[in-house]
Structure formats: structure tokens, C-alpha cells
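Notes to accompany the following structure.
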Amino acid sequence: MNTPRRIFSAALAALVATASVTTASHAQSNWPSKTVTLVVPFVAGGGADTIARLVATQLQQRLGKTVVVENKPGAGGSLAADAVRRAPADGHTLMIATNTLITNAAITKTSYDPLRDFTPVTTLGTSPYLLLVNSASEFRSLADLVRVGKAQPDKLSFGSAGNGGITHLLGELLKQQSGMSAQHVPYKGSAAAIVDLIGGQLQFAFADTASAAPHVKSGRLRAIATTAPARSPQMPDVPTLTEAGAKVDVVGFYGLLAPAGLPAEVLAKLNAEVSAVLATAAVKEQFAAAATDALAMPADQFARRFAAEVVLWKGVVKTSGSKFD
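Numbering (this note's numbering) for the sequence shown: 24 to 348.
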């Protein structure tokens, strides 16, 4: 007696399930179907914000949908990371990430897991760090620096923008790769460290290209190596650290992340659209003005690079015992 009702109920459930799958499939193939938000974990006006707004403007023109930038600074980037990881994995909420997302998670307990909680979409741009010394110093190469760091362990000190940041951990990585010794001196920002390097209170420091280039061009600082895998066209005489004998291949990057579980179809379309934006001459010029090379990676390549950095910085932190302020 209940059989017809059961059959009807089962048929209705199947119909609802089919409709749900069809709707989800349509939403994936129809991306974007609403406003796309790029979440930036820093205040407006900084490098990541500049890159985000350049990409948002061009992406909006290509997609025909509104693309907005939402600045969400705070808690070392965790506020932005939490907002994105908890968002629907539909390609409409994305995060502009930098090395900081990884180094923070390597050095302290964070509310997010870089590998578990996000889908790497593509890089947006890269910028190497420079190993800097005072132009009046005796150090004209990495070999000079390493020699003194091994022979006179108490002589060298290096500055950074703060404990646990990328410029600190690069110094620790260099020490580990070269066998040299040096005392770390943390500052509240890279500008203060550069001032003391120019003043002779420090022997070396790492800094991003945008911060360092003016001082190198003025002759106050000397760049003795770049962290990138290849020499920069802007500084062709500056060798890479790998060339100089230290196995260091690190670049500052701006990357695009989505929540974990992003459908493959949306990932492919998103990567293709952003890659097209970054390939334009106008965007390349605008990125170059921000001391950044526009670079779109295939999603799988970026995912491998992202995972490798997680492993790298966890190892550096463990070996050095580095901690946050």
C-alpha cells in the first residue's frame, strides 16, 4: 500500500539530486556568474594592493563582470586567509598571496594551512631579493662574505624587516647553505635596516628589489647576489646566489589562491583568463614600474612551487630555531 508513495518519494529525490548536479555543473561552466572579489591581506597602497588593482581592472574588462579588491589586513594575513578559505569554492572569492602566507605558517601556528586550505591558481608576478652590502665595505662577492663569516664568526651581523619575515629567513637560509656565521638584527621594517646598512652598523641584508634598487643605483649599497634562479635584465652584472655557490632559489611572488576544492573547470578558465591579462604589454609595463615581472604559471606548476616553498621554509625555521617577535 505504501509502495506507490515510496516510488514517488524515490523518484522525487532522484529528480532533486539530478537538478542539483545540473545546477552545480552549470554554475561551474558559467563562471563567473557574479562579482569576483580579490582579497588582499595588506593595507591599500602597498605592492600587493597595487598588483591586485592592476589585475582586477583588466580582468573585469575581459570577463564582463565586476571584479573588486577588498583589503583585509590584520593578524599577519590570517584575517584574509580565513575569509578566503571559508568562502565557497566557486571561483568568486580569491586571495592575493605572497611568500608571507607561507613563512608565517612555517614559523608560528596559524588558523590556516597553506596546502590544505587553498587551491593555487597562478602566479601573478615575481621579484627577486638582493643580497646587499655597504658599497664601502670589503665585500665584493658572496665568497668574500662567506670567508669572513667562517673565519670570524662574531664579525658579521645582518639586518631584516623583522623576526620571522622573508628577509630574516633568507639570511638564515644563506647561513645554512654556506656554513657561515652571522648575527641577526631585526628591525621594524626594511627601511630601518637599509639605513643602518648604509651607515655601517650592519654587514649585509636582504631586501626586495623595489626597496634596494635606488640605493644600489646611487652607489650607497652594492648588490653582490640575487636570490632569483637567473640574473635580472635590470642588473645583469649581479650573479645569482646559486652561481656564487649557495643553493638559494627564492623569489618574492604575488600569487592567486582560491579556496580548496575549486572545480577543475573553473580553475582552468580562471588560470587562462588571468594568464591572458598578464600577457598584455600594458600590464607588463605597469608591473615593471612596480619592480615586478608579470608571470603567469600553469596551475599545476604553481602548486608544485607553492608546496616546495612550504617545505623549504619549514626546514629553515626548524634548523635555525627562528621565532616571531
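C-beta atoms are modelled at their ideal positions from N, C-alpha and C, and glycine is treated no differently.
ask   = In whole angstroms, what is the alpha-carbon distance linking Thr-250 and Ser-213?
value = As a working mapping, residue 250 is identified with position 227 in the sequence shown. As a working mapping, residue 213 is identified with position 190 in the sequence shown. Near 17 Å, if we compare the C-alpha coordinates of Ser-213 and Thr-250.
ask   = Can you check whether the CB of Val-144 is closer than 7 Å to the CB of Ala-281?
value = Taking the sequence shown and counting its residues from 1, one reaches residue 281 at position 258. Taking the sequence shown and counting its residues from 1, one reaches residue 144 at position 121. Contact: yes.
ask   = Which partner residues does Phe-181 have in the DSSP bridge list?
value = Residue 181 sits at position 158 when you count from the first residue of the sequence shown. For Phe-181, which the question treats as bridged, DSSP gives the partners His-207 and Phe-227.
query = What are the start and end residues of each continuous alpha helix (DSSP H) run of 4 or more residues lying completely inside the stretch 260-308, in chain order?
reply = 287-301
task = State the Cα-Cα distance for the pair Ser-180 and Ser-150, rounded to the nearest angstrom.
result = Here the question's residue 180 lines up with position 157 in the sequence shown. Here the question's residue 150 lines up with position 127 in the sequence shown. Ser-180 and Ser-150: Cα-Cα distance of roughly 25 Å.
query = Any idea if Pro-176 is buried or exposed, counting beta-carbon neighbours within 10 angstroms, 16 or more meaning buried?
reply = Within the sequence shown, the letter at position 153 stands for residue 176. Exposed.
key: Nearest-angstrom Cα separation, counted from Leu-244 out to Tyr-210   = Locating residue 210 in the sequence shown gives position 187, where the first residue counts as 1. Locating residue 244 in the sequence shown gives position 221, where the first residue counts as 1. Straight-line Cα distance between these residues: approximately 18 Å.
ask   = In three-state DSSP terms, what is Val-107?
value = By one-based count along the sequence shown, residue 107 stands at place 84. Here Val-107 sits in helix by DSSP.
key: Three CB pairs or more closer than 8 Å across the stretch 145-164 and the stretch 284-300   = yes
task = Report the three-state DSSP secondary structure of Phe-65 (helix, strand or coil).
result = The sequence position of residue 65 within the sequence shown is 42, counting from 1. Coil.
ask   = Is Leu-285 closer than 7 Å to Phe-229 when the C-beta atoms are compared?
value = Stepping through the sequence shown from its first residue, residue 229 is reached at position 206. Stepping through the sequence shown from its first residue, residue 285 is reached at position 262. No.
message = Taking the beta carbon of Asn-53 as the centre, do at least 16 other beta carbons fall within 10 Å, making it buried, or is it exposed?
response = Here the question's residue 53 lines up with position 30 in the sequence shown. Per the 10 Å Cβ criterion, exposed.
ask   = Would you call Thr-45 buried or exposed, if buried means 16 or more other Cβ atoms sit within 10 Å of its Cβ?
value = Against the sequence shown, residue 45 aligns to sequence position 22. Summary for Thr-45: the model assigns pLDDT 45, below 50, so the residue's position carries little reliability; its value from the coordinates is reported in the next sentence. Looking at its Cβ environment, which holds fewer than 16 other Cβ atoms inside 10 Å, Thr-45 is exposed.
key: Cβ-Cβ distance between Ile-119 and Phe-347 below 7 Å   = Translated into positions along the sequence shown, residue 119 becomes position 96. Translated into positions along the sequence shown, residue 347 becomes position 324. For Ile-119 and Phe-347, no; Cβs fall outside 7 Å.
ask   = When the Cα atoms are used, what is the spatial distance from Leu-86 to Gly-188?
value = Stepping through the sequence shown from its first residue, residue 86 is reached at position 63. Stepping through the sequence shown from its first residue, residue 188 is reached at position 165. Each residue's Cα considered, the two are about 36 Å apart.
key: Buried or exposed (CB count within 10 angstroms, at least 16 for buried), His-49   = For the purposes of this step, residue 49 is identified with residue 26 of the sequence shown, where counting begins at 1. Because the pLDDT of His-49 is 46, which lies under 50, any placement of that residue in the model is unreliable, and the question is left without a value.
request  = Confirm, please, whether the CB-CB distance from Ala-246 to Leu-153 is below 7 Å.
outcome  = The residue you call residue 153 lines up with position 130 of the sequence shown. The residue you call residue 246 lines up with position 223 of the sequence shown. Closer than 7 Å, so yes.
query = Whose C-beta lies closer than 8 Å to the C-beta of Ala-159 among residues of the same chain, with five residues either side of it excluded?
reply = Stepping through the sequence shown from its first residue, residue 159 is reached at position 136. Within the same chain, Ala-159 has close Cβ partners Gly-223.
ask   = Per DSSP, Ser-255 forms a beta bridge with which residues?
value = The residue labelled residue 255 in the question sits at position 232 within the sequence shown. Partner(s): Met-258.
ask   = Using DSSP with H/G/I as helix, E/B as strand and the rest coil, what is Leu-155?
value = Within the sequence shown, the letter at position 132 stands for residue 155. Strand, per DSSP.
query = So Val-62 and Ala-128 are in contact, right, with Cβ under 8 Å, and what is the actual spacing, rounded?
reply = As a working note, residue 62 is residue 39 in the sequence shown. As a working note, residue 128 is residue 105 in the sequence shown. Actually they are not in contact, since the Cβ atoms of Val-62 and Ala-128 sit about 17 Å apart, beyond 8 Å.
request  = Please go through the stretch 114-165 and give each complete beta strand (DSSP E) segment of 3 or more residues, from N-terminal end onward.
outcome  = 116-120 and 141-157
message = Across the stretch 58-76 and the stretch 301-319, are there enough close Cβ pairs to call them in contact, namely three or more that are closer than 8 Å?
response = yes
message = Assuming the contact rule is C-beta atoms closer than 8 Å, Ser-164 and Ala-267 should be a hit. Round their C-beta distance to whole Å, please.
response = Along the sequence shown, one-based indexing puts residue 164 at 141. Along the sequence shown, one-based indexing puts residue 267 at 244. Right, their Cβ atoms sit about 7 Å apart.
request  = Counting only the same chain and skipping the five closest in sequence on each side, list residues whose C-beta sits under 6 Å from that of Ser-134.
outcome  = Counting from 1 along the sequence shown, the entry for residue 134 is found at position 111. Once the five neighbours on either side are set aside, the close Cβ partners of Ser-134 are Ser-101 and Asp-105.
query = From the DSSP output, which residues share a beta bridge with Asn-53?
reply = As a working note, residue 53 is residue 30 in the sequence shown. Paired residue(s): none; Asn-53 is not in a bridge.
ask   = Would Leu-301 pass as a contact of Ala-319 if the rule is Cβ separation under 7 Å?
value = The residue given as residue 301 occupies position 278 in the sequence shown. The residue given as residue 319 occupies position 296 in the sequence shown. Their beta carbons are under 7 Å apart, which means Leu-301 touches Ala-319 by this criterion.
query = Among all the DSSP beta bridges, which residues are the ones paired with Glu-93?
reply = Position 70 of the sequence shown, counting from 1, holds the residue named residue 93. Per DSSP, Val-62.
key: Cut-off 6 Å between Cβ atoms - residues of its own chain near Ile-233, not counting five sequence neighbours on either side   = Taking the sequence shown and counting its residues from 1, the one referred to as residue 233 is at position 210. Correcting the residue type first, residue 233 is Ala in the shown sequence and not Ile. Taken in chain order, the residues that qualify are Ala-314.
query = With distances taken between CB atoms, is the gap from Phe-162 to Ala-283 smaller than 7 Å?
reply = Residue 162 sits at position 139 when you count from the first residue of the sequence shown. Residue 283 sits at position 260 when you count from the first residue of the sequence shown. Against a cut-off of 7 Å, the Cβ pair of Ala-283 and Phe-162 comes out as no contact.
request  = Specify, as a first and last residue, the run of the alpha helix (DSSP H) that Arg-243 falls within.
outcome  = Here residue 243 refers to the residue found at position 220 when the sequence shown is read from its first residue. Neither: Arg-243 is in no alpha helix (DSSP H) and is coded neither H nor E.
Nonlocal neighbours in the same chain, by C-beta distance under 7 Å from Gly-99, ignoring five residues either side = Taking the first residue of the sequence shown as position 1, residue 99 is located at position 76. If we look at Gly-99 and ignore the five residues flanking it on each side, its Cβ neighbours are Asn-127.
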